[in-house]
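Engineer:
Protein chains in written order, with our numbering: chain A, 76 to 403; chain B, 911 to 1265.
(1) How long is the line joining the alpha carbons of residue 1237 (chain B) and residue 1253 (chain B), rounded to whole angstroms?
(2) Would you please state the rounded distance, in angstroms, between the beta carbons of residue 87 (chain A) and residue 117 (chain A)? I believe it to be under 8 angstroms.
(3) Secondary structure at residue 1258 (chain B), three-state DSSP: helix, strand or coil?
(4) Looking only at its chain, what residues have a beta carbon closer than 8 angstroms to the beta carbon of residue 1263 (chain B), apart from the 5 residues adjacent to it on each side?
(5) At a CB-CB cut-off below 7 angstroms, which residues of chain A make contact with residue 1151 (chain B)?
(6) Let me make sure I understand the geometry here. Which of B:1228, B:1193, B:1224, B:1232 has the alpha-carbon closest to that of residue 943 (chain B)?
(7) Would the segment 285-302 of chain A and the segment 218-228 of chain A be scored as touching if the rule is three or more Cβ pairs under 8 angstroms?
(8) Helix, strand or coil for residue 83 (chain A) per DSSP?
(9) Which whole runs of the alpha helix (DSSP H) in the segment 154-227 of chain A are 4 residues long or more, in chain order?
(10) Excluding the 5 residues flanking residue 208 (chain A) on each side, which residues of the same chain have their C-beta closer than 7 angstroms to its C-beta?
(11) Count the other C-beta atoms from every protein chain shown that fall within 10 angstroms of the C-beta of residue 1178 (chain B), then say buried if there are 16 or more, exposed otherwise.
(12) To which residues does DSSP link residue 316 (chain A) through a beta bridge?
(13) Report yes if the C-beta distance between residue 357 (chain A) and residue 328 (chain A) is below 8 angstroms; otherwise report no.
(14) Can you find a heavy atom of the ligand FAD that lies under 7 angstroms from the Cβ of residue 220 (chain A)?
(15) Provide the residue span of the alpha helix (DSSP H) that contains residue 1084 (chain B), from first to last.
(16) How many angstroms separate the CA atom of residue 282 (chain A) from the CA atom of residue 332 (chain A)?
(17) With distances taken Cα to Cα, identify the nearest neighbour of residue 136 (chain A) among A:126, A:104, A:119, A:112.
(18) So, residue 1163 (chain B) versus residue 1122 (chain B), is the Cβ gap smaller than 8 angstroms?
(19) Rounded to whole angstroms, what's the CA-CA distance from residue 1102 (chain B) to residue 100 (chain A)? Just pull it up for me.
(20) According to the Cβ coordinates, are residue 977 (chain B) and residue 951 (chain B) closer than 8 angstroms?
(21) Verify the CB distance criterion: does residue 1055 (chain B) have a CB-CB separation below 8 angstroms to chain A?
(22) Who are the near neighbours of residue 967 (chain B) in its chain, counting only those whose CB is closer than 6 angstroms to its CB and skipping five residues on each side?
(23) What does residue 1052 (chain B) touch in chain A if you count any residue whose Cβ is under 8 angstroms from its own?
(24) Checking 8 angstroms against the spacing of the C-beta atoms, do residue 138 (chain A) and residue 235 (chain A) come in under that value?
(25) Taking just the CA atoms, how far does residue 85 (chain A) sit from residue 231 (chain A)?
(26) In the DSSP assignment, what are the bridge partners of residue 307 (chain A)?
(27) Leaving out five residues before and five after residue 172 (chain A) in sequence, what residues of the same chain have Cβ atoms less than 6 angstroms from its Cβ?
(28) Give the residues of chain A in contact with residue 1049 (chain B), contact being defined as C-beta atoms less than 8 angstroms apart.
(29) For the segment 1230-1243 of chain B, which residues have a beta carbon sitting closer than 8 angstroms to at least one beta carbon of chain A?
(30) Between the C-alpha atoms of residue 1158 (chain B) and residue 211 (chain A), what's the straight-line distance to the nearest angstrom?
(31) What residue range does the alpha helix (DSSP H) around residue 1157 (chain B) cover?
(32) Can you check whether the CB of residue 368 (chain A) is closer than 8 angstroms to the CB of residue 334 (chain A)?
(33) Any contact between the segment 291-305 of chain A and the segment 382-402 of chain A? By contact I mean 3 or more CB pairs, one from each, below 8 angstroms.
(34) Using a beta-carbon distance cut-off of less than 7 angstroms, what residues from the segment 1004-1017 of chain B approach chain A?
(35) For residue 259 (chain A), which beta-bridge partners are listed by DSSP?
(36) Nearest-angstrom Cα distance between residue 1068 (chain B) and residue 992 (chain B)?
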């Protein structure tokens, strides 16, 4: 078994490298992805090894990056589009919703929208405006798109390859605050399917769901909760659309309680949608309503005060306490 | 309107004129064949308007007046070229071999597409203006990577030329020297917005600003449209990069059957353009130069009428699809939510589920 410790950024880089090696039709396109290797160095070294025709430094227009990737997909190529930051995906929103999401259906299955749109998302890096967004719900809500988020280097390494291999369009959300954190990557065995939810910590009192940056926050909270006698079961969603509902149902049927932890605001979010689904499926097992811990329903604040916006261990524990308090 | 840079080879009266850069290469038989294309597509378009007025189509977008622009460009395409249309390229679809009934599936509201794009090398309709222009450039970038001698051709109107996607497409096409021909049918109106609002400069001149050739052609002149398109496509296939063709034409009808042009334009303007009719001028050429007989024109009309009757029958036979089909082809891979939706529909008795 070959494992290597590496950062999430390096894991993504290696995963992209594997994808480029495995299939000559795989391309990368984005602003500054070639010579610079990406502003986060995710594509570092790839243009040097695979050439400018496969790792494409795009002119500055997100709609065109995605729009041309659509045309490349029609021609049989698999483009991994990089949006430099979450807050800059919006110019491409029209192409994503009007074409990427709909062309397979519109063509009665003739077209395969085999493209990946990578978004460095969520906050926690002390950036200026528009660099800390959580737009995943906008895409999850759109029929015809799939959305995932990795939370560990191992998942980053494997999920990016699986996303590239998928014949469906994937919005690939990468928690940029975790880019430089290290983890073990198994270079030989994929952990599981692209959309599978994964149990990160077994527990009995409450199921806590998270994705992207909050997966780690929730695990830290679980350690503290244990010292207070509360056993949290932590599940990393990974698939945001579709959500891998079955393991969540099994878990909530066991614990009777659940909390979703996300950076995005509660209103019309992934968490809110999951509360609806789990309430329906697990109603008779529930000892409390499901809660969502999320950002506030405001434009993301200036990052000097972002730590009071993003869910902290304290806020997670507070929600857990609330949920535990319903039938005690 | 007339500008010394307009390429014209056939006057509105049907007389040949010369141009320093383009010579008509078409034989009499080819011209007659294209006349037939134009007459047929005009007849089918008129039938479609009638069908809409009779409640058989939800909507129709006519191409009346733009037949030469579309047949001229359509017949310049090589079999392996790929076209990216809007929702109004019925003449291009005809040239690519798309059956007329398939062209109407969108307007009958039974499909958002209507045909297999790979079979005809003609993409499905694009309604969001300008999106397909970017898609075409991407396709052309794929052609480059395949090392193929093929071109992509994409169509849009004067209105769409203001959209960011179109301008971004120009940037990409120039930066990557993509084998794509941009064919803009400037029919003078974007619903009620006149060309003067859409652009301060003639559209073909924009290309120069982006770094590639732009040509204005008399969009009602079949001969000129054909030659200009042919040259641009050959140039693209040979690695010469993109061209913008502005086919200067006129939307004789309404934007769609939901529009009422009497609210924003004057009849006198329409009258002026009636004298520039694309079908009549080719007819005049055929009579003067090739001595085409009334009998031969009548035969074309009879064929067009028959095709129109067939189209009518085909449309009337286009029934409501089984609702269960709404779940098909959303994704390549199986999906729980879609399966649940299907299941739901079967349980509600909306569909037998057999599909």
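We put the beta carbon where it would ideally sit given N, CA and C, even for glycine. The structure presented is a predicted model; accordingly, all values stated were derived computationally and were not measured.
Structural biologist: Here's the rundown:
(1) Taking the second chain and counting its residues from 1, one reaches residue 1237 (chain B) at position 327. Taking the second chain and counting its residues from 1, one reaches residue 1253 (chain B) at position 343. The alpha-carbon atoms of residue 1237 (chain B) and residue 1253 (chain B) are separated by roughly 10 angstroms.
(2) Walking along the first chain from the start, residue 87 (chain A) turns up at place 12. Walking along the first chain from the start, residue 117 (chain A) turns up at place 42. At roughly 5 angstroms, the Cβ-Cβ gap stays under 8 angstroms, so residue 87 (chain A) and residue 117 (chain A) are in contact.
(3) The residue labelled residue 1258 (chain B) in the question sits at position 348 within the second chain. Residue state, collapsed to three classes: coil.
(4) Here residue 1263 (chain B) corresponds to residue number 353 of the second chain, with the count starting at 1. 1234, 1252, 1255, 1256, listed in sequence order.
(5) The residue given as residue 1151 (chain B) occupies position 241 in the second chain. Those do not exist, as residue 1151 (chain B) stays about 15 angstroms from chain A at its closest Cβ, beyond 7 angstroms.
(6) One-based indexing of the second chain puts residue 943 (chain B) at position 33. Cα-wise, what sits closest to residue 943 (chain B) is B:1193.
(7) yes
(8) For the purposes of this step, residue 83 (chain A) is taken as the residue at position 8 of the first chain. In the structure shown, residue 83 (chain A) falls within a helical segment according to DSSP collapsed to helix, strand and coil.
(9) 178-181, 211-215
(10) Looking up residue 208 (chain A) in the first chain gives position 133. Result list for residue 208 (chain A): 161, 162, 196, 375, in chain order.
(11) Translated into the one-based positions of the second chain, residue 1178 (chain B) becomes position 268. Flag for residue 1178 (chain B) reads exposed.
(12) Position 241 of the first chain, counting from 1, holds the residue named residue 316 (chain A). Answer by DSSP bridge pairing, in chain order: A:222.
(13) Working through the first chain from its first residue, we reach residue 357 (chain A) at position 282. Working through the first chain from its first residue, we reach residue 328 (chain A) at position 253. A Cβ-Cβ contact shorter than 8 angstroms links residue 357 (chain A) with residue 328 (chain A).
(14) Judged by which ligands are present, the structure shown has none, so any question about the ligand FAD falls away.
(15) In the second chain, the residue the question calls residue 1084 (chain B) occupies position 174. Unbroken alpha helix (DSSP H) run through residue 1084 (chain B): 1074-1086.
(16) For this step, residue 282 (chain A) is matched to residue 207 along the first chain. For this step, residue 332 (chain A) is matched to residue 257 along the first chain. Approximately 6 angstroms, taken between the alpha carbons.
(17) Within the first chain, numbered from 1, the residue matching residue 136 (chain A) stands at position 61. Among A:126, A:104, A:119, A:112, the Cα nearest to that of residue 136 (chain A) is on A:104.
(18) Counting from 1 along the second chain, the entry for residue 1163 (chain B) is found at position 253. Counting from 1 along the second chain, the entry for residue 1122 (chain B) is found at position 212. In this structure, residue 1122 (chain B) does not lie closer than 8 angstroms to residue 1163 (chain B) by Cβ.
(19) Residue mapping note: residue 1102 (chain B) aligns to position 192 of the second chain, counting from 1. Residue mapping note: residue 100 (chain A) aligns to position 25 of the first chain, counting from 1. Taking the straight line from one Cα to the other gives about 44 angstroms.
(20) In the second chain, residue 977 (chain B) corresponds to position 67, counting from 1. In the second chain, residue 951 (chain B) corresponds to position 41, counting from 1. Going by C-beta atoms, residue 977 (chain B) is nearer than 8 angstroms to residue 951 (chain B).
(21) Residue 1055 (chain B) sits at position 145 when you count from the first residue of the second chain. Residue 1055 (chain B) counts as touching chain A.
(22) On the second chain, position 57 is the one that residue 967 (chain B) refers to. Excluding residues within five positions, the ones whose Cβ falls inside 6 angstroms are 961, 1017, 1018.
(23) Here residue 1052 (chain B) refers to the residue found at position 142 when the second chain is read from its first residue. For residue 1052 (chain B), the neighbours in chain A by C-beta distance under 8 angstroms run, in chain order, 146, 147, 149, 150, 151, 152.
(24) As a first step, residue 138 (chain A) is located in the first chain; it is residue number 63 there, counting from the start. As a first step, residue 235 (chain A) is located in the first chain; it is residue number 160 there, counting from the start. Cβ distance not < 8 angstroms, so residue 138 (chain A) and residue 235 (chain A) don't count as in contact.
(25) The count along the first chain starts at 1 and reaches residue 231 (chain A) at position 156. The count along the first chain starts at 1 and reaches residue 85 (chain A) at position 10. Cα to Cα, the separation comes out at about 9 angstroms.
(26) Against the first chain, residue 307 (chain A) aligns to sequence position 232. According to DSSP, residue 307 (chain A) bridges with A:281.
(27) In the first chain, counting from the first residue as 1, residue 172 (chain A) sits at position 97. Answer for residue 172 (chain A): 217, listed in chain order.
(28) Looking up residue 1049 (chain B) in the second chain gives position 139. The contacting residues are 146, 147, 149, 150.
(29) Listed by position, the residues of the segment 1230-1243 of chain B near chain A (Cβ gap below 8 angstroms) are 1238, 1239, 1240, 1241, 1242, 1243.
(30) Reading the second chain from its first residue, position 248 is the one you call residue 1158 (chain B). Reading the first chain from its first residue, position 136 is the one you call residue 211 (chain A). Cα-Cα distance, rounded: 44 angstroms.
(31) Residue numbering aside, residue 1157 (chain B) sits at position 247 when the second chain is read from its first letter. Note, residue 1157 (chain B): premise wrong, no alpha helix (DSSP H); beta strand (DSSP E) at 1153-1158.
(32) Taking the first chain and counting its residues from 1, the one referred to as residue 334 (chain A) is at position 259. Taking the first chain and counting its residues from 1, the one referred to as residue 368 (chain A) is at position 293. Yes, Cβ-Cβ distance for residue 334 (chain A) and residue 368 (chain A) is below 8 angstroms.
(33) Between the segment 291-305 of chain A and the segment 382-402 of chain A, the count of Cβ pairs shorter than 8 angstroms is three or higher; the stretches touch.
(34) none
(35) Here residue 259 (chain A) refers to the residue found at position 184 of the first chain. According to DSSP, which records beta bridges pairwise, residue 259 (chain A) is partnered with A:80.
(36) For this step, residue 1068 (chain B) is matched to residue 158 along the second chain. For this step, residue 992 (chain B) is matched to residue 82 along the second chain. Their backbone Cα atoms lie some 22 angstroms apart in a straight line.
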